[in-house]
Amino acid sequence: MKDFFVSYTGSDLNYATWVAETLEKNNYKVTIQAWDFKPGDNFVSKINEALLECKKLIVILSQSYLKSKWCEAEWTSKLSEQIKLNERRIIPIRIEPVDLQGLLSPIVYIDIVDKSESEAEQEILSGVSDVVERKSTGYPSYYNLQHLEIDVDYYVYETSITYIKSCKSKVLVGGKNKIHNRITWFPNEKITLSSMTDGVSIEYLDLRDTNLNYNVVFDHELKKGEEIEFRIKAILSNDKKQFENFFSTEIITPIEQLNIHLNIFDEAVKKVYTQKLSSSPMNIRSEEPKEHKFYSPYHWRIPNPELNFEYKIYW
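Numbered continuously in this note's numbering, the sequence shown closes out at residue 316.
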């Protein structure tokens, strides 16, 4: 007796064989037409044999599957067994959006649409198991990342600003390969972004707000607990001379150490001021600015900057 018979259409062969391989790697016995039906076999007889000798039917659920009369014969045969024995006999795996109607509609399916390979594998193995481990993954993290250290280098020129952000971070929520970032700048000036880290690229996002939104894209899926490093360079044009004399960073994710390095190529600048500001007008904990002698570069080191506060440096 086999554990599963995989039912699929030819257009979904790649999904079907991947599911079969995944199950067999985890010690399940599987029958699948692509591997177990040989030239010269009686196709109808082999289908009947596979249905009779499997405990459960895996359905690779797609639009093509729902249109196939052969597939309909397979799942309706197993459905009658499910109703008669009042035991689970059909396990659909949804690989694309489908409109389920009729007898298949009330059957709970395993959903791997828009899942990464590791997420899909986990969903399938959990879904086919008759015993589900009654254990959570722990208290959900509110943030995807914890930054261990961020260094921000500002280079102030007459017609442009160069901004280099270097991050050492710990992944709190895995399964993705993108980290969202944003830069606030004048809408009639230009921002040119580039990655300074191998295996990391930039993806611009078309989001309608006052910021330039972009993703830092890694060449691999990030794992929970993984420590990562990346460096991004931005060149901000100042052709219209709208930039005045300050930079600020709003803290929206946990940071253990923030370092700001200010480079100004103007000998007239003798002092700089640093200030911690509340992002909310209802919060009265904003601090008075602190005056410092300026030497280029000026280094402002901030351990454990407070969430939802803005750290501003100006001259």
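All C-beta atoms, glycine included, are put in the ideal place defined by N, C-alpha and C.
(request) Could you check if T77 is buried or exposed, using at least 16 other CB atoms within 10 Å of its CB as the buried criterion? (result) exposed
(request) Could you check the C-alpha separation between E118 and N260 for me, to the nearest Å? (result) 37 Å
(message) Please classify F219 as buried or exposed, where buried requires at least 16 other C-beta atoms within 10 Å of its C-beta.
(response) buried
(message) Bridge partners for I111 per DSSP, in chain order?
(response) I94
(request) Helix, strand or coil for A35, going by three-state DSSP, please let me know. (result) helix
(request) Report yes or no: do the segment 62-75 and the segment 83-101 share at least 3 C-beta pairs separated by less than 8 Å? (result) yes
(request) Measure the C-alpha to C-alpha separation of S297 and W19 and round it to an integer number of angstroms. (result) 58 Å
(message) Under DSSP, the beta strand (DSSP E) around I303 begins and ends at which residues?
(response) Y299 to P304
(request) Please name the residue in E159, I165, Y144 and Y158 whose C-alpha comes closest to that of D1. (result) Here the chain comprises residues numbered 2 to 316, so residue 1 is not present and cannot be evaluated.
(message) What would DSSP say about E288, mapped onto helix, strand or coil?
(response) coil
(message) Nearest by alpha-carbon distance to D237: which of E159, S12, R90 and D267 is it?
(response) Note that residue 237 is Leu in the sequence shown, not Asp. Closest option to L237, Cα to Cα, is E159.
(message) Give me the DSSP bridge partner(s) of F247.
(response) Y315
(message) Given 8 Å as the limit, tell me if W76 has its C-beta closer than that to any heavy atom belonging to the ligand ADP.
(response) As for the ligand ADP, it is missing from this structure, which has no ligand bound.
(request) Tell me, please, which residues DSSP counts as bridged to V217. (result) I180 and I203
(message) So, with DSSP's three-state summary, where would you put D78?
(response) The amino acid occupying residue 78 in the given sequence is Ser; Asp does not appear at that position. Residue state, collapsed to three classes: helix.
(request) From the DSSP output, in three-state form, read off Y66 for me. (result) helix
(message) Run through the DSSP bridge pairs and tell me what D154 is partnered with.
(response) I165 and H262
(message) Counting C-beta neighbours from all protein chains within 10 Å, is the total for K242 16 or more, i.e. buried, or is it exposed?
(response) exposed
(request) Output the boundary residues of the beta strand (DSSP E) element that contains K234. (result) E228 to S238
(request) Identify every residue that forms a DSSP beta bridge with N212. (result) T185
(request) Check each candidate in F295, A269, R302 and T250 and name the one with the smallest Cα separation from K313. (result) T250
(message) Can you tell me whether W71 is buried or exposed? The criterion is at least 16 other CB atoms within 10 Å of its CB, across all chains shown.
(response) exposed
(request) For Q123, name the three-state secondary structure that DSSP assigns. (result) helix
(message) Whole angstroms are fine: how far does the CA of C168 sit from the CA of V217?
(response) 11 Å
(message) So for Y16, helix, strand or coil by DSSP?
(response) helix
(message) Suppose the cutoff is 6 Å on Cβ atoms and the five residues either side in sequence are ignored; what does the same chain contact list for D112 look like?
(response) R95
(message) I need the straight-line Cα distance from N189 to N239, nearest angstrom please.
(response) 9 Å
(message) Quick check: the Cα distance between P69 and T10, rounded to an integer number of angstroms?
(response) Reading off the sequence shown, one finds Ser at residue 69, where the question assumed Pro. Using only the alpha carbons, I get a separation of about 7 Å.
(request) Answer yes or no: do N27 and L126 have a C-beta to C-beta separation smaller than 9 Å? (result) yes
(request) Decide if L223 is buried, meaning its Cβ has at least 16 other Cβ atoms within 10 Å, or exposed. (result) buried
(message) For I356 and D154, what's the separation of their Cα atoms in angstroms?
(response) No information on residue 356 is available, as it lies outside the stretch 2 to 316 that the chain covers here.
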